[in-house]
DNA sequence: AATGAATGAGGATTCATTCAT
DNA sequence: TATGAATGAATCCTCATTCAT
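Chains as they are written, first to last, in UniProt numbering: chain A, 1 to 217; chain B, 1 to 217; chain P, 1 to 217; chain H, 1 to 217.
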């Protein structure tokens with residue numbers, strides 16, 4: 001029992017081992033329930049070494065968030081070819097997104113659940129990721145409008161809301177796909193394309209859904 | 001300093017005070033970071049009384065989840081009149097949903113963030129709520145198809161995915177509306193109707209978005 | 001759940017109910033692990049009433065010790081007829097002792113285990129009981145000597161030791177009989193008579209066991 | 001005031017210090033009344049270190065029981081030379097027993113009082129010790145019979161009872177010797193030899209005490 | 001580069017006991 | 001006679017973090 005004295009390794013490698021252990025532990029236990037003891041043991045090093053390299057629990061968690069956020073955006077970015085039509089770009093991005101979240105459930109749990117649940121400074125960290133995703137979607141909506149030679153005539157706030165909705169739907173479907181056996185990343189992506197793209201198209205054609213002018217409005 | 005000795009009150013009243021304090025504390029600090037000390041102080045009673053009435057931190061949190069879930073579903077249910085067309089029902093339900101989450105940010109934080117983040121037995125508790133929301137949306141989709149005299153011909157799994165997407169979009173918009181000054185519940189609801197309803201309509205008319213048959217599929 | 005409001009009863013009766021509950025609880029859980037809550041509930045009254053009548057946990061436990069000690073000595077005393085020969089008196093006393101301890105395991109646990117384990121003022125309380133038992137045995141030894149027209153020539157300290165040994169053996173056999181199915185009070189008493197009486201006889205006949213004069217003496 | 005920061009020591013040493021402190025505290029205060037705070041302070045270390053090494057109050061107490069039980073049986077075993085006649089073996093064992101209990105009153109209190117009073121898992125721990133003592137005595141009785149070329153013709157259950165009685169008498173005399181100034185281990189052992197050995201001798205010679213055939217039998 | 005030894009601070013939980021009625 | 005409401009004070013235990021080597 002007890003890890004044998006760890007072989008000397010270059011710092012960069014050790015740090016990755018620690019981050020691996022931390023992502024797994026934070027993702028499964030949650031930020032607060034995860035203990036530095038467990039992380040150090042899983043990483044196969046002593047606790048003081050974790051502190052020497054990563055400084056504190058807070059810094060360690062922040063490093064996890066950053067690494068996982070970067071991995072996710074890299075995966076999506078790599079899948080999206082700028083030249084394609086907007087819907088094909090979205091389709092490619094969504095498939096990469098669902099594939100990545102399915103393959104990295106712990107990282108996804110950190111980004112989607114843990115980081116948002118435990119206030120500052122973590123919330124700010126994921127807010128950046130979310131903004132990037134929203135910006136990506138916003139750009140696609142604009143591209144789509146341009147492709148259709150349409151002036152969508154959608155106020156900026158409205159577009160922001162739509163992007164939020166799309167991202168939220170994607171997040172929700174990622175959880176659903178992870179929790180439901182037999183649902184592939186491709187299916188999740190197709191579901192979301194169906195759900196979202198037609199509505200966006202209608203909007204851009206100037207056929208929005210109009211609320212009834214009832215008393216409660 | 002220090003709370004004055006609490007005046008005697010009937011148990012039922014005290015319990016509500018405790019739940020109020022607990023919802024607020026859990027909602028802001030999170031389940032683990034919230035301390036029973038802080039909850040008791042905010043409720044204006046001593047810690048032992050909290051334990052006498054609510055039993056344990058876990059039970060207290062569960063009671064909070066149940067109370068807030070019930071308040072939310074009651075608000076939505078009260079707003080939806082069964083006789084109306086499906087889109088009007090959805091519209092009414094969404095407005096009630098966004099209104100309630102805007103007025104009860106702590107309760108919403110508990111349901112949407114805290115309860116999901118801290119595993120069993122809390123996750124099961126909110127899962128029930130989510131299933132209810134998904135079932136509600138699923139029923140509306142079916143109603144809409146019937147109203148249009150259409151056989152939507154959508155496989156059940158597909159409908160489930162759509163419902164998940166819609167609910168996820170709603171959750172996301174609730175957070176967005178809470179965080180963005182100047183966005184009303186009505187606007188959030190309208191955004192979601194626009195986003196979702198047209199896409200659903202297209203689907204039911206048999207015009208789904210079709211994925212390209214590329215190599216990566 | 002929750003005892004119905006207790007019917008008014010004369011104080012003496014209520015006190016006995018409380019003592020019954022306390023003896024049972026203290027005997028099974030131990031002095032410290034027993035809670036006033038549990039005792040009150042088992043007695044079917046509210047906690048303040050227990051305090052009103054018995055004053056404190058310490059006083060309540062002391063009252064239990066006294067009652068059980070008295071019950072035990074009364075049982076033994078009632079069984080011993082003063083006129084009989086010493087061995088018959090001992091035989092009768094032992095049978096009464098083992099019968100009583102078998103029928104009152106909780107009371108016996110209090111006297112034999114709990115009261116001795118928790119220091120003053122309880123230890124003093126049982127010390128009195130033990131002294132009474134030792135005195136009884138001491139008297140019987142003297143009687144036996146007189147009956148045999150012998151001067152046992154045993155120093156007082158020696159007799160005290162023998163009495164302690166006999167009482168200790170009895171206590172041990174009581175536990176053994178309670179824990180071993182199929183061992184009756186009569187058998188336990190016979191075992192002890194066999195074990196003890198012959199040795200005492202030899203002693204009084206001037207045939208003691210003599211220790212070897214070894215180096216370690 | 002307050003313990004100075006403890007100097008660094010190898011774990012094995014620290015553990016023994018902790019066990020020393022724990023035995024003393026548990027022996028005097030009792031298992032439940034002893035607080036981990038007090039034990040840590042007496043050991044000269046901080047509480048977390050006690051938990052780090054000994055795990056929990058329950059484990060700490062169990063470790064105490066084991067250590068003290070082992071010390072006692074080792075002391076007795078070392079004193080008994082297998083080749084000697086049975087009565088000399090018993091004499092040697094008893095002297096070692098009374099010597100050890102006199103020199104380790106706290107350990108003896110743990111074994112004889114505390115461990116038995118607080119239920120499982122402690123009772124099981126001392127039960128093993130007691131069985132060993134009973135087995136030792138049982139073997140001596142059989143040896144004695146063999147030496148006398150006698151068939152003791154005692155049923156097994158009867159022998160078990162006699163052994164229990166002897167062990168109980170020894171336990172009782174250990175307490176008595178500890179509590180009575182001027183009583184040496186040698187005297188206690190001699191008293192018990194006198195008390196027990198002659199009776200056993202008579203039994204093996206076929207002269208048991210016979211109970212009267214009275215009505216109550 | 002790496003770790004065994006050590007702790008300050010705090011958190012959940014329980015309990016004997018009292019007050020007001 | 002009897003109780004529902006309430007608490008001060010402890011207790012067990014855990015954890016992030018540091019020091020000396």
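Even for Gly, the Cβ is constructed at its ideal location relative to N, Cα and C.
Could you say which of the options lies nearest to residue i if we only look at CA atoms?
{"i": "residue 14 of chain P", "options": "P:191, P:72, P:40, P:197", "result": "P:40"}
{"i": "residue 186 of chain P", "options": "H:68, H:28, H:142, H:212", "result": "H:212"}
{"i": "residue 118 of chain P", "options": "H:33, H:11, H:129, H:25", "result": "H:33"}
{"i": "residue 226 of chain A", "options": "A:35, A:161, A:72", "result": "Because chain A is modelled from 1 through 217, residue 226 of chain A falls outside the range shown and cannot be assessed."}
{"i": "residue 123 of chain A", "options": "B:175, B:52, B:147, B:123", "result": "B:175"}
{"i": "residue 243 of chain H", "options": "H:141, H:66, H:44", "result": "This structure gives no information on residue 243 of chain H, because the portion of chain H shown stretches from 1 to 217."}
{"i": "residue 105 of chain B", "options": "B:197, B:23, B:10, B:17", "result": "B:23"}
{"i": "residue 159 of chain H", "options": "H:147, H:137, H:177", "result": "H:137"}
{"i": "residue 77 of chain H", "options": "H:133, H:25, H:26", "result": "H:133"}
{"i": "residue 180 of chain B", "options": "A:197, A:81, A:180, A:157", "result": "A:157"}
{"i": "residue 210 of chain B", "options": "A:142, A:87, A:131, A:173", "result": "A:87"}
{"i": "residue 234 of chain H", "options": "P:195, P:143, P:120", "result": "No answer is possible for residue 234 of chain H: it lies beyond the span of chain H, which begins at 1 and ends at 217."}
{"i": "residue 7 of chain B", "options": "B:195, B:44, B:177, B:73", "result": "B:44"}
{"i": "residue 220 of chain A", "options": "A:27, A:11, A:189", "result": "It is not possible to answer for residue 220 of chain A, since the shown part of chain A is limited to 1 through 217."}
{"i": "residue 144 of chain B", "options": "B:126, B:189, B:197, B:178", "result": "B:197"}
{"i": "residue 56 of chain P", "options": "P:71, P:37, P:72", "result": "P:37"}
{"i": "residue 116 of chain B", "options": "B:16, B:147, B:173, B:61", "result": "B:61"}
{"i": "residue 113 of chain A", "options": "A:12, A:31, A:178, A:16", "result": "A:31"}
{"i": "residue 131 of chain A", "options": "A:10, A:73, A:177, A:142", "result": "A:73"}
Residue i and residue j look like a contact to me (Cβ under 8 angstroms); what is the Cβ gap, rounded to whole Å?
{"i": "residue 218 of chain A", "j": "residue 84 of chain A", "result": "In the structure as shown, chain A starts at 1 and stops at 217, and residue 218 of chain A therefore has no counterpart that could be examined."}
{"i": "residue 111 of chain A", "j": "residue 129 of chain A", "result": "7 angstroms"}
{"i": "residue 162 of chain A", "j": "residue 191 of chain B", "result": "6 angstroms"}
{"i": "residue 18 of chain A", "j": "residue 54 of chain A", "result": "6 angstroms"}
{"i": "residue 126 of chain A", "j": "residue 69 of chain A", "result": "7 angstroms"}
{"i": "residue 42 of chain A", "j": "residue 71 of chain A", "result": "So it is not a contact: roughly 19 angstroms between Cβ atoms."}
Considering residue i, what are the terminal residues of the alpha helix (DSSP H) in which it resides?
{"i": "residue 128 of chain B", "result": "122-147"}
{"i": "residue 159 of chain A", "result": "156-179"}
{"i": "residue 36 of chain H", "result": "36-43"}
{"i": "residue 14 of chain B", "result": "11-29"}
{"i": "residue 103 of chain A", "result": "86-103"}
{"i": "residue 8 of chain B", "result": "That residue, residue 8 of chain B, is in no alpha helix (DSSP H); it is neither H nor E in DSSP."}
{"i": "residue 183 of chain P", "result": "Counting along the chain, residue 183 of chain P falls outside any alpha helix (DSSP H), and DSSP gives it neither H nor E."}
{"i": "residue 62 of chain H", "result": "57-79"}
{"i": "residue 52 of chain P", "result": "47-54"}
Could you say if the stretch 41-52 of chain B and the stretch 91-106 of chain B meet the contact criterion of at least three C-beta pairs nearer than 8 angstroms?
With contact defined as three or more Cβ pairs closer than 8 angstroms, the stretch 41-52 of chain B and the stretch 91-106 of chain B are not in contact.
Any contact of the stretch 163-174 of chain P with the stretch 166-179 of chain H, i.e. 3+ C-beta pairs under 8 angstroms?
yes
Taking contact to mean 3 or more Cβ pairs, one atom from each stretch, closer than 8 angstroms, check whether the stretch 99-109 of chain B and the stretch 172-192 of chain B are in contact.
yes
Contact list for the stretch 110-121 of chain B against chain A, Cβ threshold 8 angstroms
The stretch 110-121 of chain B vs chain A, Cβ under 8 angstroms: 113, 114, 116, 117, 118, 119.
Using a beta-carbon distance cut-off of less than 9 angstroms, what residues from the stretch 159-170 of chain H approach chain P?
Only 160, 161, 162, 164, 165, 166, 167, 168, 169, 170 from the stretch 159-170 of chain H bring a Cβ to less than 9 angstroms from some Cβ of chain P.
Chain A contacts made by the stretch 43-64 of chain B, where a contact means CB separation under 7 angstroms
none
Return the residues of the stretch 72-84 of chain P that lie within a Cβ-Cβ distance of less than 7 angstroms from chain H, sorted by chain order.
Residues are counted here when their Cβ sits less than 7 angstroms from a Cβ of chain H; for the stretch 72-84 of chain P the count is zero.
Residues of the stretch 86-100 of chain P with a CB closer than 8 angstroms to any CB of chain H: list them in chain order, please.
Per Cβ criterion, the list reads 87, 88, 91, 95.
Looking at chain B, which residues of the stretch 28-40 of chain A have a Cβ within less than 7 angstroms of any of its Cβ atoms?
30, 32, 33
Quick one: which residues of the stretch 184-195 of chain P get their C-beta closer than 9 angstroms to a C-beta of chain H? List them in chain order.
Under the 9 angstroms Cβ criterion, the stretch 184-195 of chain P contributes 186, 187, 188, 189, 190, 191, 192, 193, 194, 195.
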